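Remarks on the structure that follows.
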Amino acid sequence: NPSLTPYEVIGEQRLSELVDSFYDKVRKHPLLKPIFPDDLTETARKQKQFLTQFLGGPPLYTEEHGHPMLRARHLAFPITPKRAHAWLNCMKEAMDEVGLEEEVREYFYNRLILTAQHMINTPDDDE
Ligand code: HEM
């Protein structure tokens, strides 16, 4: 159905599984682990809300937290090009696990690449 939003194509359940699988990888990643809180329950909850609206679903994030202002909210954390790459890789692996259809996966991943690039606020230490 061409009128479905990406959110509807993926579904609430699969989006939730994707985010859980993603933070499971983030938690273990040597470059990401140090900048995230030990308990990722709240982070995952917010990310589910954010990605729901990012993909055309209900504006759950904004209803609870206001305008996302994602770049500003990330300024407290040193987001290097390597960390952006690591973040995207964790997402790619999580996408493999939940099995997204090619078309919605391409669309979603390409938008995440753009957003991740926009979050970079610190050079890599070896630069
Ligand atoms: C929060 C890292 C990219 C969406 C956070 C937090 C960190 C982080 C450390 C704080 C976690 C917490 O205190 O709970 C990164 C890194 C990225 C990245 C290293 C690499 C580029 C992205 C992207 C998105 C995103 C691409 C959206 C597509 C969010 C959201 C939050 C968040 C929604 C919660 C904000 C809030 O506290 O309300 N991120 N992030 N992040 N990130 Fe990222």
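For reference, each letter of the sequence shown is one residue, going 1 to 127 in my numbering.
Glycine is no exception: its CB is placed at the ideal position from the N, C-alpha and C atoms.
Quantities reported herein were computed from a predicted structural model and do not represent experimental measurements.
- Residue F108 holds the alpha-carbon nearest to the alpha-carbon of F54 among A84, I120, F108 and N89.
- Proximity of the stretch 89-105 to the stretch 25-40 meets the contact definition, three or more beta-carbon pairs being nearer than 8 Å.
- Linking L70 to F50 through their CA atoms gives a straight-line distance of about 10 Å.
- Here P6 is buried: its Cβ has 16 or more other Cβ atoms, across all protein chains shown, within 10 Å.
- For E8, the closest C-alpha among the options N110, G57 and L18 is that of G57.
- For T115, the CB falls within less than 7 Å of some heavy atom of the ligand HEM.
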